[in-house]
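Engineer: Take a look at this one; I'll ask things after.
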Amino acid sequence: MIKKKVKIINKLGLHARASSKLTQLASQFNSEIFLIKNSKKVSANNIMDILMLAASVGSEVELEVNGPDEKEAINKIEKLFKNYFDEGE
Amino acid sequence: MVSFNIHGVPVSNGIAIGTSHLISNALLEVVRYDIKDTKIDLEVKRFKKALAKVKNELSLIKKQLLVDSNSQFVPFIDTHLMLLCDKNISDEPIHSIKNERCNAEWAIKIQLDLIIERFNEIEDPYIKERKHDVVQVVERVIKVLLGHQKQRINFKNESSIILVAQDISPADTLQFKNHKYGAFITEMGGANSHTAILARSLNIPSIVAVRNAKKLIKNNDTLIVDGNQGIVIINPSFAILDEYQYKQNLWEIEQKKLIKIRNVRCKTLGNETISLHANIEIPEDIKYVKENNADGIGLFRTEFLFMNRPALPDEEEQFRIYKSVAKSMGNLPVVIRTLDSGADKNTAADNNKKSNSALGLRAIRLCLSEPHLFTTQLKAILRASAFGNIRILIPMLSSLQELRQTKMLIERAKQSLKNSKIKFNDKILVGGMIEVPAVAINADIFANELDFLSIGTNDLVQYTLAIDRTDDSVSHLYNSLHSAVLSLIDNTIKAGKKYNKEVAICGEMAGDPKLTKLLLGMGLTHFSMHPASILIVKKQVLSSDPKKIKIKANKILRSIEPDNIENLIQDINK
Chain G
1009 MIKKKVKIIN
1019 KLGLHARASS
1029 KLTQLASQFN
1039 SEIFLIKNSK
1049 KVSANNIMDI
1059 LMLAASVGSE
1069 VELEVNGPDE
1079 KEAINKIEKL
1089 FKNYFDEGE
Chain H
3 MVSFNIHGVP
13 VSNGIAIGTS
23 HLISNALLEV
33 VRYDIKDTKI
43 DLEVKRFKKA
53 LAKVKNELSL
63 IKKQLLVDSN
73 SQFVPFIDTH
83 LMLLCDKNIS
93 DEPIHSIKNE
103 RCNAEWAIKI
113 QLDLIIERFN
123 EIEDPYIKER
133 KHDVVQVVER
143 VIKVLLGHQK
153 QRINFKNESS
163 IILVAQDISP
173 ADTLQFKNHK
183 YGAFITEMGG
193 ANSHTAILAR
203 SLNIPSIVAV
213 RNAKKLIKNN
223 DTLIVDGNQG
233 IVIINPSFAI
243 LDEYQYKQNL
253 WEIEQKKLIK
263 IRNVRCKTLG
273 NETISLHANI
283 EIPEDIKYVK
293 ENNADGIGLF
303 RTEFLFMNRP
313 ALPDEEEQFR
323 IYKSVAKSMG
333 NLPVVIRTLD
343 SGADKNTAAD
353 NNKKSNSALG
363 LRAIRLCLSE
373 PHLFTTQLKA
383 ILRASAFGNI
393 RILIPMLSSL
403 QELRQTKMLI
413 ERAKQSLKNS
423 KIKFNDKILV
433 GGMIEVPAVA
443 INADIFANEL
453 DFLSIGTNDL
463 VQYTLAIDRT
473 DDSVSHLYNS
483 LHSAVLSLID
493 NTIKAGKKYN
503 KEVAICGEMA
513 GDPKLTKLLL
523 GMGLTHFSMH
533 PASILIVKKQ
543 VLSSDPKKIK
553 IKANKILRSI
563 EPDNIENLIQ
573 DINK
């Protein structure tokens, strides 16, 4: 199991499209992927739960990945956060 | 269970005893009903099928967007697709169906309410607004479910169902027309809200402006609705229940007695014949017109043909409807009011109109600004006039220019039919609604230029007293008996007499038996109302002595003391 903290840097935060990108990416791996914020833990496969974390710009979430491809998964997901969810800002 | 009473404004008489059914706000038509144990698997299947159908719909939209190179919208559709597959929407309702044994619509609706509640706690305004995406997705699913359900839903005994809703919009009323529910209770609205008008037209007890009704009443509570007093009794004791069953029987006997005067000619004790016409909204209402033996149709509100549909009905479709109504009434008059859309009644013709104001672009104003739409309707009405006694009624006139423009468009429509050698009644009568105070004040001028006048008291009161009919916080100020309103009605009736033109009232006042004698005393001879009111109004006419009520009506017209008017009304009805 790998845990890692990531910061939300895109302007709109984990809104609908960003969340759907995250959900899409997460579904490609065999590992279980969770997001933790303010001690709320949700599965990265549930877009609604991610939305309801209400992670806005500047906030920090913890990724928790557990499974055979956990290393690749956490790297790719972290990259998505760092790339502003491909939104450019 | 604790028994308690809540109060509201009674808008339709009668007593109903039954069980409550709460209607959700987001989609008014969603009601809860129980699913038998043996049918639960079927209900789950129905739910899953609906999800699959919506998924299919969304995928098709996405494909179309890609073809039309509108790909910037694709991520939104992707989001909706993902929301649809999220366990909150795709799994949770299934648990509810199984555990609560409720229908799929209700299961997903309560889940939506939960989700919205959680979204409302979010502070980030942008993410908070995403709840609208969830609502849109759920609405899609519910629409599919309801589409399937139309044949399936079957309340065993509709008349024992009491609907409890926040409000009922005009468009929703159409759906309730085919059902005979026991009663309506709404949190919003006043005596002249659409719920009230609907309830009166269906002749079922109804109470509006019952604050917090949806919080205080639970599903399947036993309720007594006393539409005479405006009282709702929740979980009544056996003694109270007995008492009301007795009262209900008495009321029903009273109603049945009315049927005896169905075929009696409608005249006063002075032998003056009074015409009682019916207001209708859809051709199916003809059934009630016949049941109550109306002398004709005084108001066919055509806007209901235009509601609840994405595209407007074309000339052919309208022609068929008007023709069928005209034919079914034989030689009796059928007054067709042209589209009175806008304000609280929206149709596809109102697309993109930001303001819904009662003072805005509506009725004849809208029609004159959309001559194509108007001409289509005029041609359909004219064509149908070859098959019966049809008249045209223009809503919401406020100036002579509008009237003249309208007449010009009617002439053009006639000319175009003549050119195509299509039959119609060239002498068709054209009347105007008197509902804007300016026109009531100048009734003389309009009586001279029109073939007949019809007073729309609902809007006349609203405009004269500056009361928004849709705002329940001012509904107590709505007063049909305000001396200014009565004087405008009086002025209009006199103008009609002067130019020998027929004057009718087609608003709620015409169907209120408490006001029949006053209006007769003021010289009114034509009343148009909901078919359900015809017999009770007829009963009033039959017992009216013209000489006596004329004197008393004059007294009411001269009275300026609001408190005194109630007494005088009681006196004239003695």
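Chains G and H supply the protein sequences, listed in that same order.
Add 1008 to a position in the first sequence, counting from 1, and you land on the number used in the working numbering.
Add 2 to a position in the second sequence, counting from 1, and you land on the number used in the working numbering.
Don't be surprised by glycine CBs; every beta carbon is placed ideally from N, CA and C.
I1041/G versus chain H: which residues are under 8 Å apart at the beta carbon?
Structural biologist: Locating residue 1041/G in the first sequence gives position 33, counting from the first residue. Per Cβ cutoff of 8 Å: no residues; I1041/G is ~15 Å from chain H at best.
Engineer: Quick one: residues in its chain with C-beta nearer than 6 Å to the C-beta of K1087/G, no 5 flanking neighbours on either side, listed in chain order?
Structural biologist: If you number the first sequence from 1, residue 1087/G lands on position 79. Cβ within range, chain order: n/a, list empty.
Engineer: Of all the CB atoms in chain H, is at least one closer than 9 Å to the CB of A1024/G?
Structural biologist: Within the first sequence, the letter at position 16 stands for residue 1024/G. Yes, because at least one Cβ of chain H sits closer than 9 Å to the Cβ of A1024/G.
Engineer: For the structure I just gave you, are there three or more beta carbon pairs, one from the stretch 565-574 of chain H and one from the stretch 276-296 of chain H, closer than 8 Å?
Structural biologist: Result no; under three Cβ-Cβ pairs closer than 8 Å.
Engineer: Residues of chain G with CB under 8 Å from T81/H, in chain order?
Structural biologist: On the second sequence, residue 81/H is found 79 positions in, with the first residue counted as 1. Result: A1024, R1025, S1027, S1028, I1055.
Engineer: In whole angstroms, what is the alpha-carbon distance linking I187/H and A415/H?
Structural biologist: Translated into positions along the second sequence, residue 187/H becomes position 185. Translated into positions along the second sequence, residue 415/H becomes position 413. Whole-angstrom Cα-Cα distance: 45 Å.
Engineer: Under 9 Å, Cβ to Cβ, is there at least one residue of chain H near S1047/G?
Structural biologist: For the purposes of this step, residue 1047/G is taken as the residue at position 39 of the first sequence. Closer than 9 Å: no.
Engineer: Under 6 Å Cβ to Cβ from G513/H, same chain only, skipping five residues before and after it: list those, please.
Structural biologist: Here the question's residue 513/H lines up with position 511 in the second sequence. Excluding sequence neighbours, G513/H sits near M531, H532, S535.
Engineer: Quick one: measure Cβ to Cβ for P397/H and R339/H, integer angstroms, because I've assumed they're closer than 8 Å.
Structural biologist: As a first step, residue 397/H is located in the second sequence; it is residue number 395 there, counting from the start. As a first step, residue 339/H is located in the second sequence; it is residue number 337 there, counting from the start. The Cβ separation is near 5 Å, so the contact holds.
Engineer: What residues in its chain sit with their C-beta under 8 Å from that of R202/H, if we drop five residues either side in the sequence?
Structural biologist: The sequence position of residue 202/H within the second sequence is 200, counting from 1. Cβ neighbours of R202/H beyond the five flanking positions: V13, S14, S208, E510, G513, H532, A534, S535.
Engineer: Residues in the same chain with beta-carbon distance under 6 Å from I1010/G, minus the five sequence neighbours each way, listed in chain order, please.
Structural biologist: On the first sequence, residue 1010/G is found 2 positions in, with the first residue counted as 1. Excluding positions up to five away in sequence, the list reads V1073, E1078, I1082.
Engineer: Determine the DSSP secondary structure at C87/H, reduced to helix, strand or coil.
Structural biologist: By one-based count along the second sequence, residue 87/H stands at place 85. Here C87/H sits in helix by DSSP.
Engineer: For chain G, check one thing: does any of its Cβ atoms lie closer than 9 Å to the Cβ of K65/H?
Structural biologist: Residue numbering aside, residue 65/H sits at position 63 when the second sequence is read from its first letter. By this cut-off, K65/H is not an interface position.
Engineer: Can a CB atom of chain G be found closer than 9 Å to the CB of L53/H?
Structural biologist: Translated into positions along the second sequence, residue 53/H becomes position 51. Taking Cβ atoms only, chain G never reaches closer than 9 Å to L53/H, which makes this a no.
Engineer: Leaving out five residues on either side along the sequence, give the residues of the same chain with a beta carbon under 8 Å from the beta carbon of A1026/G.
Structural biologist: Walking along the first sequence from the start, residue 1026/G turns up at place 18. Excluding positions up to five away in sequence, the list reads N1018, L1020, F1093, E1095.
Engineer: Any idea what DSSP makes of D547/H, helix, strand or coil?
Structural biologist: As a position in the second sequence, residue 547/H is number 545, starting the count at 1. Three-state result, D547/H: coil.
Engineer: Helix, strand or coil: how does DSSP classify N1018/G here?
Structural biologist: Along the first sequence, read from residue 1 onward, the residue named residue 1018/G stands at position 10. N1018/G: coil per DSSP, three-state reduction.
Engineer: For a contact defined as C-beta to C-beta under 9 Å, what are the partners of I117/H on chain G?
Structural biologist: The sequence position of residue 117/H within the second sequence is 115, counting from 1. Here the neighbours are M1056, M1060.
Engineer: Among all the DSSP beta bridges, which residues are the ones paired with I337/H?
Structural biologist: Taking the second sequence and counting its residues from 1, the one referred to as residue 337/H is at position 335. Note that residue 337/H corresponds to Val in the displayed sequence, not to Ile. According to DSSP, which records beta bridges pairwise, V337/H is partnered with R393/H.
Engineer: Of all the CB atoms in chain H, is at least one closer than 9 Å to the CB of Q1032/G?
Structural biologist: Position 24 of the first sequence, counting from 1, holds the residue named residue 1032/G. Yes, contact with chain H.
Engineer: What separation, rounded to the nearest whole angstrom, lies between the Cα atoms of I235/H and I199/H?
Structural biologist: Sequence index remark: in the second sequence, residue 235/H carries index 233 (1-based). Sequence index remark: in the second sequence, residue 199/H carries index 197 (1-based). Approximately 23 Å, taken between the alpha carbons.
Engineer: Under a CB-based cut-off of 9 Å, is G1075/G close to chain H?
Structural biologist: Your numbering for residue 1075/G matches position 67 in the first sequence. So, not an interface residue.
Engineer: Is K2/H helix, strand or coil by DSSP?
Structural biologist: The structure shown does not extend to residue 2/H, since chain H is modelled only from 3 to 576, so the question has no answer here.
Engineer: Across which residues does DSSP place L225/H in a beta bridge pair?
Structural biologist: Here residue 225/H corresponds to residue number 223 of the second sequence, with the count starting at 1. G20/H, I236/H.
Engineer: Between the Cα of L506/H and the Cα atoms of I495/H, R103/H, V327/H, which residue gives the shortest distance?
Structural biologist: Here residue 506/H refers to the residue found at position 504 of the second sequence. The sequence shown places Ala at residue 506/H, rather than the Leu named in the question. Checking every option, the nearest Cα to that of A506/H belongs to I495/H.
Engineer: Under a Cβ-count criterion, where at least 16 other Cβ atoms within 10 Å of its own Cβ denotes burial, should E283/H be classed as buried or exposed?
Structural biologist: Residue mapping note: residue 283/H aligns to position 281 of the second sequence, counting from 1. With 16 or more Cβ atoms within 10 Å of its Cβ, E283/H is classed as buried.
Engineer: Between A28/H and K216/H, what straight-line distance do the alpha-carbon atoms span, to the nearest angstrom?
Structural biologist: Translated into the one-based positions of the second sequence, residue 28/H becomes position 26. Translated into the one-based positions of the second sequence, residue 216/H becomes position 214. Residue confidence is low: A28/H scores 49 on pLDDT, short of 50, so the model does not pin down where it sits. No coordinate-derived value is stated.
Engineer: Applying a beta-carbon distance threshold of less than 9 Å, which residues of chain G neighbour P77/H?
Structural biologist: Locating residue 77/H in the second sequence gives position 75, where the first residue counts as 1. Neighbours of P77/H on chain G, chain order: A1024, R1025, S1028, K1029.
Engineer: Straight-line CA distance for F426/H to N122/H?
Structural biologist: Your numbering for residue 426/H matches position 424 in the second sequence. Your numbering for residue 122/H matches position 120 in the second sequence. If you take the alpha carbons of F426/H and N122/H, they lie about 59 Å apart.
Engineer: In this structure, how does DSSP classify P315/H when only helix, strand and coil are distinguished?
Structural biologist: Working through the second sequence from its first residue, we reach residue 315/H at position 313. In this structure, P315/H counts as coil in the three-state DSSP scheme.
Engineer: Taking K429/H as part of the beta strand (DSSP E), name the residues at either end of that continuous run.
Structural biologist: Here residue 429/H is taken as the residue at index 427 of the second sequence, counted from 1. Per DSSP, K429/H belongs to no beta strand (DSSP E) and is neither H nor E.
Engineer: Taking Cβ-Cβ distances below 9 Å as the criterion, which residues of the stretch 555-566 of chain H are in contact with chain G?
Structural biologist: Cβ contacts with chain G come from no residue of the stretch 555-566 of chain H.
Engineer: Determine, using beta carbons only, whether N579/H comes closer than 9 Å to chain G.
Structural biologist: Not covered by the structure: residue 579/H. The range shown for chain H is 3 to 576.
Engineer: Alpha carbons only, please: which of I164/H, R264/H, Q66/H is nearest the one belonging to I228/H?
Structural biologist: Counting from 1 along the second sequence, the entry for residue 228/H is found at position 226. Contrary to the premise, residue 228/H reads as Asp rather than Ile in this sequence. Comparing Cα-Cα distances from D228/H to each of I164/H, R264/H, Q66/H, the minimum goes to I164/H.
Engineer: For D88/H, count neighbouring Cβ atoms within 10 angstroms of its own Cβ and tell me buried if that reaches 16, exposed if not.
Structural biologist: As a working mapping, residue 88/H is identified with position 86 in the second sequence. D88/H is buried by the Cβ-count criterion.
Engineer: Can you give me the start and stop residues for the alpha helix (DSSP H) that T466/H sits inside?
Structural biologist: Looking up residue 466/H in the second sequence gives position 464. Here the alpha helix (DSSP H) through T466/H covers 459-467.
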